[in-house]
Amino acid sequence: MQVRLNGKETILNEGCITLADLLAEPPWRDRKLLIELNGTVVKKEDYPVIPLSEGDQIELVHFVGGG
Amino acid sequence: MQDLFHIGGKALSSRLFIGSGKYNRNSLIPEVIERSGAAVITVALRRVNPDWEEENLLHHIPSHMTLLPNTSGARNAEEAIRIARLARAAEMGNWIKLEVIQDQRYQLPDNLETIKATEVLAAEGFVVLPYMSPDLSAALRLRDAGAAAVMPLGSPIGSNRGLRTKELIQILIEEARLPVIVDAGIGKPSEAAEAMEMGAAAVLLNTAIATARDPLGMAEAFRGAVAAGRLAHLAGLGPVEPNAVASSPLTGFLDAVGAEA
Amino acid sequence: MSFYDILQAWESFPFSQRLQGYSDVDVRRALGKSKLDAEDLLALLSPAAGRHLEEMAQRARQITQNQFGNVIQLFTPMYVSDYCVNHCEYCSFSSIYDFPRKKLDMREVDREAAAIAATGIRHILLLTGESRKDSPVDYLKACVKVLREHFTSIGIEVNPMSVSEYEELAIAGVDSLTVFQEVYHRETYAKLHVKGPKRNYRNRLEAPERGCAAGYRSVNIGALLGLYDWRQEAVIAALHADYLQTNYPSCEISLSIPRFRPFLGEYQPDSDVTDRALVQVLLAYRLFLPRAGITLSTREPARLRDKLVHLGVTKMSAGVSTAVGGHSQDGGTPQFDISDERSVSEIREMLYQNGLQPVFKDWDILIPN
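Protein chains in written order, with our numbering: chain A, 1 to 67; chain B, 1 to 261; chain C, 1 to 369.
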């Protein structure tokens with residue numbers, strides 16, 4: 001399945017069915033992230049039940065220093 | 001005397017807000033917080049980079065701090081609203097520093113888009129602190145839209161050029177009837193003190209501390225400056241003596257023969 | 001929240017005690033500030049400030065020149081009806097007085113308007129006694145229609161109305177509203193307004209705000225100085241103006257400084273408003289409210305008016321008759337005695353001699369159709 005992840009076309013692994021699955025992948029694992037899926041904020045408790053679909057726009061963000 | 005400052009239902013113990021950007025190492029932040037006495041700290045939201053593991057900024061921010069996420073990067077109301085909603089998903093409060101910047105050269109705020117976003121976010125229960133160009137009409141519209149304060153710029157972001165917009169900020173302080181927090185441009189403690197003497201509710205600064213040779217020393221200097229300026233404001237500045245007038249050209253008639261008592 | 005709520009918070013304020021407490025230092029501090037607060041206003045109306053009138057006057061003139069320039073806007077009040085349903089102790093239009101009442105018909109309004117317009121005046125203030133029966137909205141609208149042929153700005157000073165009535169008149173061509181509270185002190189208000197709808201303090205107090213809400217370009221308020229302690233009354237009137245200015249930034253708020261002049265009735269002033277007192281009120285208004293208009297009527301004598309024009313006044317009435325139809329017919333009963341009986345051209349000459357430009361036409365509203 002191909003999605004747009006943080007602005008980049010990305011091909012997901014076979015087993016990536018939900019947001020929780022995506023977040024278990026190595027680059028994201030154990031990081032404190034906030035997720036926007038197709039323009040809508042997703043709550044943490046919904047990660048395991050939100051399925052991913054072809055062409056989804058996913059934004060993974062976190063807090064950084066800023067003024 | 002305890003001079004608490006209420007905003008968005010919270011009583012704040014300090015009128016100095018600080019930023020968390022531009023430090024050469026984030027591990028300085030806890031001590032900057034302590035030396036500055038700040039109770040509010042701004043943070044930004046960015047896309048995560050998959051290629052390297054960044055340290056979690058929030059580890060460096062003690063839990064008693066009020067987190068003020070900004071919407072930096074937003075070029076219009078819609079983008080700012082999306083960023084604000086994302087920030088709230090972190091469940092670390094509902095405060096937002098609304099920052100909408102169209103102009104990338106000077107990084108000056110877009111008041112019109114900021115007003116639009118304030119309406120939406122305030123209605124959603126955010127405590128909205130909009131960064132703005134000091135314009136009275138815009139401030140009144142922001143107030144009507146539900147802003148908890150206005151944050152006019154003293155001079156362009158990161159410029160350290162001080163209170164170039166002093167006259168306009170003074171008008172906001174006198175007329176806007178909501179807290180005025182001077183954001184951006186303050187480079188020296190004396191400028192922070194000046195803003196507080198004028199009656200600003202607070203000042204927000206980042207670059208001036210983060211880029212000082214000794215950020216911790218500068219954090220403490222700003223703490224003192226903000227406190228001194230505030231005290232001076234509360235104490236009431238002494239009279240500025242107008243030029244002396246020897247005679248009474250305008251009211252002499254009251255003492256003239258035939259005038260009433 | 002209206003000004004009524006703000007006023008309630010002031011009701012228990014110990015005015016006379018606090019006013020006595022201000023010193024020269026407090027007055028000078030207020031004089032050195034660019035934006036004055038209520039504390040400064042009190043200081044400027046305190047007995048201590050009476051020793052600083054010249055300094056206050058210097059500052060007031062400077063502020064007035066900065067804000068308004070060297071100009072004075074002229075207007076003429078035009079009385080069209082003296083029927084009144086109220087009994088107010090201090091007014092000679094009061095319903096208890098038995099004199100032949102008069103109300104102009106439209107032909108007479110036109111003749112009166114033409115007589116006033118011939119003097120060059122373009123700002124007219126339409127006045128009636130307060131009676132919804134004798135001078136209802138429809139009558140006022142008919143008057144306004146006639147006045148529009150002669151004047152570019154039409155103000156009204158009539159009984160308090162609702163927002164929608166004010167809006168109706170605005171559509172007809174009215175751009176300014178004058179409503180004086182007369183006296184802000186509640187007990188005195190109740191004592192002096194013996195009978196009639198004017199007894200409703202709050203309805204009158206909130207009328208200027210309703211005018212602002214109706215979109216009038218200019219709203220003029222005032223305390224009739226002398227009915228109660230002038231210092232206290234001036235404080236409240238200035239706070240009222242400040243409230244309106246803050247909440248209706250698009251409306252020009254003005255304050256009048258009418259001083260009670262005895263006339264037909266037995267009523268004698270309660271508070272002695274000397275010339276010094278009048279000057280102090282005028283200066284305090286100007287310093288506290290740099291952008292407010294200040295209106296001076298012909299109740300004051302020429303010798304005083306000629307001096308007050310330098311101290312913060314921005315509008316003056318000229319060529320006045322306070323009797324219905326007084327510019328074009330004989331025999332009306334005046335509402336109060338005027339002191340400055342000079343003609344419009346004499347006032348104009350006086351202003352020029354004082355280095356001020358008389359303004360006859362400040363604006364001309366574009367009304368669609």
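Even for Gly, the Cβ is constructed at its ideal location relative to N, Cα and C. Nothing here was measured: the structure is a model prediction, and the numbers come from that model.
task: Would you grab the beta carbon distance between B:A87 and B:I101 for me? Rounded to a whole angstrom, and I think it's under 8 Å.
output: The pair is not a contact, with the Cβ atoms about 17 Å apart (cut-off 8 Å).
query: Going by Cα to Cα distance, which pick from C:R204, C:H310 and C:V71 is closest to C:M161?
result: C:R204
- request: Identify, in the order they occur along the chain, each residue of the same chain with its Cβ nearer than 8 Å to the Cβ of C:I121, setting aside the five sequence neighbours on each side.
  value: L74, F75, T76, F151, A318, G319, V344 and F360
query: Which residues in the same chain as B:N26 place their Cβ atom closer than 7 Å to its Cβ, once the five residues preceding and following it in sequence are excluded?
result: E55, L57 and H60
message: Rounding to the nearest angstrom, what Cα-Cα distance links B:G19 and A:V3 in this structure?
response: 34 Å
Run of the beta strand (DSSP E) containing C:N220, from where it starts to where it stops: S218 to G222
- prompt: Out of curiosity, what's the CA-to-CA distance linking C:M106 and C:Y139?
  reply: 9 Å
- prompt: What is the rounded straight-line gap between the Cα of C:L53 and the Cα of C:V279?
  reply: 8 Å
- prompt: What's the C-alpha gap between C:E108 and C:Y83?
  reply: 16 Å
- prompt: By DSSP, does C:C403 sit in helix, in strand, or in coil?
  reply: Outside the displayed span of chain C (1 to 369) sits residue 403 of chain C, for which this structure offers no information.
- request: Report the neighbours of C:K35 on chain B: residues whose CB is nearer than 7 Å to its CB, in chain order.
  value: E174
- request: Please check if any C-beta of chain C sits within less than 7 Å of the C-beta of B:L142.
  value: no
- prompt: To the nearest angstrom, how far is it from the Cα of B:S133 to the Cα of B:I169?
  reply: 9 Å
- request: Determine, using beta carbons only, whether C:L53 comes closer than 7 Å to chain B.
  value: yes
- prompt: Less than 7 Å separating the beta-carbons of C:D340 and C:T314?
  reply: no
- prompt: Thinking C-beta only, is B:Y131 closer than 7 Å to B:D183?
  reply: yes
8 Å contact criterion, which B:L68 and B:L129 should meet: CB distance rounded: 7 Å
field: Other residues of its chain near B:K10: CB distance less than 6 Å, five sequence neighbours each side excluded
entry: none
query: Are A:L33 and A:L12 closer than 7 Å when you measure CB to CB?
result: no
query: Does B:G19 get closer than 7 Å to chain A when you measure Cβ to Cβ?
result: yes
- prompt: So which residues of chain A does B:K116 contact, with C-beta pairs closer than 7 Å?
  reply: Within 7 Å Cβ-Cβ: nothing; B:K116 doesn't reach chain A, min ~17 Å.
message: Looking at B:R15: is its Cβ nearer than 7 Å to the Cβ of B:L216?
response: no
message: Against chain C, with Cβ distances strictly below 7 Å, would B:G207 count as a contact?
response: This sequence places Thr at residue 207 of chain B; Gly is not what is there. Not closer than 7 Å to any Cβ of chain C, the Cβ of B:T207 fails to qualify, so no.
field: Top-ranked residue by Cα proximity to B:A44, from B:R85, B:G37, B:A149 and B:N70
entry: B:N70
query: So is B:L234 buried or exposed if we call it buried at 16+ other beta carbons inside 10 Å?
result: exposed
query: In or out: C:K307 buried (at least 16 other Cβ within 10 Å) or exposed?
result: buried
message: Tell me which residues share the same chain as C:S321 and place their Cβ nearer than 6 Å to its Cβ, disregarding the 5 neighbours each side in the sequence.
response: H327
task: Please list, in chain order, all residues of the same chain as C:A373 whose beta carbon is under 6 Å from its beta carbon, the five residues on each side excluded.
output: There is simply no residue 373 of chain C to check, as chain C begins at 1 and stops at 369 in what is shown.
task: Just mark C:H240 as buried or exposed, buried being the case when its beta carbon has 16 or more other beta carbons within 10 Å.
output: buried
message: Contact criterion: CB-CB distance below 7 Å. Does B:R25 meet it with respect to chain A?
response: no
- prompt: With respect to the beta strand (DSSP E) encompassing B:D255, which residues constitute its N-terminal and C-terminal limits?
  reply: Element bounds for B:D255: n/a, residue is neither H nor E.
message: Measuring only the C-alpha atoms, how far is A:E9 from A:M1?
response: 10 Å
field: Cα-Cα separation between C:A237 and B:I33, rounded to whole angstroms
entry: 48 Å
- prompt: So B:A225 and B:A192 are in contact, right, with Cβ under 8 Å, and what is the actual spacing, rounded?
  reply: 5 Å
query: Unbroken beta strand (DSSP E) runs of length 3 or more, entirely within the region 67-132 of chain B: which are they?
result: 95-98 and 127-132
- prompt: Could you give the C-beta distance for B:E197 and B:G158, rounded to a whole number, given that I count them as a contact under 8 Å?
  reply: The Cβ separation is near 24 Å, so there is no contact.
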